[in-house]
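Residue numbers (the UniProt record's numbering): 1 to 757. Take a look at the structure set out below.
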């Protein structure tokens with residue numbers, strides 16, 4: 001009785017061809033008698049062989065006792081994965097697992113041509129693998145028929161919910177028949193997964209194969225503490241020290257992925273990037289480069305590297321700490337798969353040690369604390385690897401022996417060995433020097449100050465403004481004073497207050513240039529044209545060596561070492577202020593000068609308001625007197641009537657009918673001298689009552705000379721006028737006459753435009 005007994009014969013043959021002798025715990029669990037036709041919620045650690053497990057679990061339902069599947073028509077099984085890479089990886093696993101069963105597997109993932117996927121579904125498929133969004137699109141478009149679906153598998157279900165695919169998953173499950181089997185595989189089972197399983201599964205079998213005492217028994221966890229500015233150097237030394245066949249470096253953002261990819265490429269490492277901003281073609285090319293050995297390091301984000309299975313992945317480095325224990329387990333699960341050993345290294349800055357301890361405790365993981373390997377340790381391991389190289393003790397061919405004899409005859413044996421070392425070391429990346437920090441297992445924290453009772457009572461200090469404070473240099477920054485280092489080393493920067501120098505950007509610049517931390521920098525004194533900085537005695541020499549002989553830090557900023565204590569430069573004297581002569585007192589009788597007279601307008605004076613006269617008391621009628629001289633009644637300021645807005649709009653309307661007045665009956669127009677007379681005053685002088693001549697009085701107007709195309713009228717008939725016979729010679733319906741200087745027939749007349757209708 002073999003350990004793979006219970007597997008369908010067609011799948012057992014594929015496992016034997018693949019080299020499987022035993023099954024993993026999760027693969028054995030899905031073959032139990034309680035799993036016969038039942039739904040299941042399987043909790044297994046990453047890298048335990050879940051893909052082969054659900055392939056074995058759904059085989060009895062698909063084959064139904066037959067040795068091979070019938071001709072592909074409607075899909076019988078559906079596998080849903082969170083990412084494109086994982087979906088394509090699941091397809092490859094199912095291809096070889098169902099090779100002898102005659103199964104046809106199709107993929108539907110985002111980033112691929114949807115028309116090609118639709119054509120594959122129309123040709124028929126037994127198993128469909130895809131991502132939630134693309135599968136939902138095919139279902140809504142009708143290209144994926146779910147009526148014959150027997151099994152639905154959710155791989156990495158917890159991750160799909162974290163990525164926001166809950167609505168898509170519910171739509172897919174509701175589109176499948178109610179009689180289907182639902183298999184959920186997840187590394188963790190949060191409450192959201194449990195509630196979904198309760199809603200969409202029927203009497204599900206709960207299988208737990210993950211160790212309750214310790215996660216990932218095949219993975220060795222290491223927590224390496226370093227200075228925050230030494231993170232990249234620590235990663236380089238870890239890669240050089242481990243020398244893995246393939247490794248993956250996890251980052252928190254795409255920007256960090258791009259930065260580390262550029263930095264490591266410049267250092268000579270063969271790296272590829274894997275982030276969400278890459279298209280599917282670039283992702284596939286990067287993963288294929290890792291599988292082929294053309295690249296050894298993959299720098300990726302959490303989402304992009306979710307679920308990928310890389311062969312011979314020996315090392316996982318966490319450049320940015322995971323956000324939660326689940327992310328830590330998923331990251332580390334890329335290594336230590338299928339019984340192989342792996343290493344998961346966390347790069348822990350000194351201030352993040354407590355956070356990392358809580359993270360490991362919540363994930364039920366025990367890690368070994370230490371420091372990243374130093375440059376000396378990396379070089380020593382390189383020498384040991386050369387001494388232990390199997391090529392030095394292996395068998396040699398006659399051709400190799402003959403060539404070695406020629407080399408020894410021409411060169412000394414030591415010279416040949418030195419040349420060999422140079423060639424070998426030239427292909428390796430030089431290790432980095434790391435800053436000294438706390439020893440392994442110690443926390444980087446400030447000393448305890450003790451309780452108030454131990455330090456004595458605080459004296460009454462009085463108001464803040466009245467306290468006696470020691471004088472402090474205005475330029476000191478960074479929280480430390482001269483003398484904290486016990487005789488630190490001073491340096492001079494060629495930038496000062498006149499160059500807008502501030503400690504908030506000087507301190508990071510110094511740390512970047514010389515691989516320092518803020519604990520290595522003491523007082524910062526900013527003067528007018530230069531700045532004095534105090535460095536820790538042990539870090540000063542390393543800082544100057546890192547800066548190099550050019551002594552240039554950034555742009556035009558240079559640094560020089562100061563022997564002894566710095567001397568404060570003399571302040572630049574200010575320019576003396578020239579006192580102006582006092583102004584003469586203003587005389588008391590001085591009056592404001594008269595300005596330019598305002599221009600007088602030509603507006604007409606407003607008409608005086610008429611005075612109201614009370615009516616006389618009734619009495620006897622007075623006797624008639626002689627007629628008085630007529631006096632013109634006062635007129636308004638404007639001779640034209642003032643119409644309202646509504647009246648103007650009514651008159652401007654096209655339907656307004658104007659009264660036709662006979663010109664002979666038109667009243668006489670007032671003369672300009674009468675119109676311009678001041679209102680309310682009689683016109684002086686004789687009044688000209690001569691009527692204005694009308695159109696009838698003037699008679700017919702003389703005809704103007706007609707101007708034709710050829711100019712004004714000339715002597716003779718039709719001179720300058722239009723031709724009596726109509727158009728000129730050569731003109732057609734829509735053409736133009738020929739120019740006078742063009743011979744007839746040489747130029748073709750223009751074609752008449754086409755008229756519609």
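Built from N, CA and C at the ideal position, the CB exists for glycine as well. Remember, predicted model here, so these are calculated numbers, not experimental data.
Check	Outcome
Beta-carbon separation of residue 57 and residue 30 under 8 Å?	yes
Return the chain-ordered list of same chain residues with a C-beta closer than 8 Å to the C-beta of residue 229, the five sequence neighbours on each side being excluded.	435, 511, 512, 515, 516, 517
Quick check on residue 247: does DSSP put it in helix, strand or coil?	strand
For residue 553, which residues from the same chain have a beta carbon less than 7 Å from its beta carbon, with the 5 sequence-adjacent residues on both sides left out?	509, 513, 547, 559
With a threshold of 7 Å on Cβ separation, who are the neighbours of residue 8 within its own chain once the five nearest residues in sequence on each side are excluded?	59, 60, 63
Just the Cα atoms here: how many angstroms apart are residue 111 and residue 45?	29 Å
Beta strand (DSSP E) containing residue 767: first to last residue?	As displayed, the chain neither begins before 1 nor continues past 757, which places residue 767 out of reach and without an answer.
On the DSSP bridge list, what partners appear for residue 43?	186, 208
Please report the straight-line C-alpha distance between residue 186 and residue 143, rounded to a whole angstrom.	29 Å
To the nearest angstrom, report how far apart residue 275 and residue 257 are at their CA atoms.	7 Å
Pick helix, strand or coil for residue 518, following the three-state DSSP scheme.	helix
How is residue 318 classed by DSSP in three states: helix, strand or coil?	strand
Tell me, to the nearest whole angstrom, how far the beta carbon of residue 220 is from that of residue 254; I am working on the premise that it is less than 8 Å.	At roughly 29 Å, the Cβ-Cβ gap does not stay under 8 Å, so residue 220 and residue 254 are not in contact.
Taking three-plus beta-carbon pairs below 8 Å as touching, is the segment 153-166 in contact with the segment 14-31?	no
What's the call for residue 24, buried or exposed, on a 16-neighbour Cβ count within 10 Å?	buried
What three-state label does DSSP hand residue 647 in the structure shown?	helix
On the premise that residue 378 lies in contact with residue 240, defined as a C-beta separation below 8 Å, what is that separation, rounded to the nearest angstrom?	5 Å
I'd like the span of the beta strand (DSSP E) that includes residue 344, first residue to last.	342-349
Could you give the first and the last residue of the continuous beta strand (DSSP E) run that contains residue 552?	552-554
For residue 85 and residue 196, what's the separation of their Cα atoms in angstroms?	25 Å
Helix or strand or just coil, what does DSSP make of residue 221?	strand
Does the segment 200-211 touch the segment 341-354, meaning 3 or more C-beta pairs lie closer than 8 Å?	no
With a 10 Å radius around its C-beta and 16 neighbouring C-beta atoms as the bar for buried, classify residue 50 as buried or exposed.	buried
Given residue 566, which residues of its chain have a CB within under 6 Å of its CB, disregarding the five upstream and five downstream residues?	490, 532
Quick one, which of 557, 269, 549 has its alpha-carbon nearest residue 496's?	557
Report the CB separation of residue 432 from residue 308 in whole angstroms; it is logged as a contact under 8 Å.	Going by Cβ atoms, the distance from residue 432 to residue 308 rounds to 29 Å, so no, they are not a contact pair.
If you follow the beta strand (DSSP E) that residue 193 is in, where does it begin and where does it stop?	Note, residue 193: premise wrong, no beta strand (DSSP E); alpha helix (DSSP H) at 191-200.
Confirm, please, whether the CB-CB distance from residue 109 to residue 131 is below 8 Å.	yes
Could you tell me how far apart the beta carbons of residue 250 and residue 305 are, in whole angstroms, since I believe they sit closer than 8 Å?	7 Å
Taking the alpha-carbon positions, what's the residue 279 to residue 288 distance?	14 Å
Starting from the C-beta of residue 498, find all residues in its chain whose C-beta is less than 7 Å away, skip the five residues before and the five after it, and write them out in chain order.	528, 529
What three-state label does DSSP hand residue 126 in the structure shown?	coil
With the cut-off set at 8 Å, would you say residue 72 and residue 125 are in Cβ contact?	yes
Rounded to the nearest angstrom, what separates residue 551 and residue 544 at their Cα positions?	8 Å
With the cut-off set at 8 Å, would you say residue 286 and residue 272 are in Cβ contact?	yes
Which residue comes first and which comes last in the beta strand (DSSP E) that contains residue 368?	368-370
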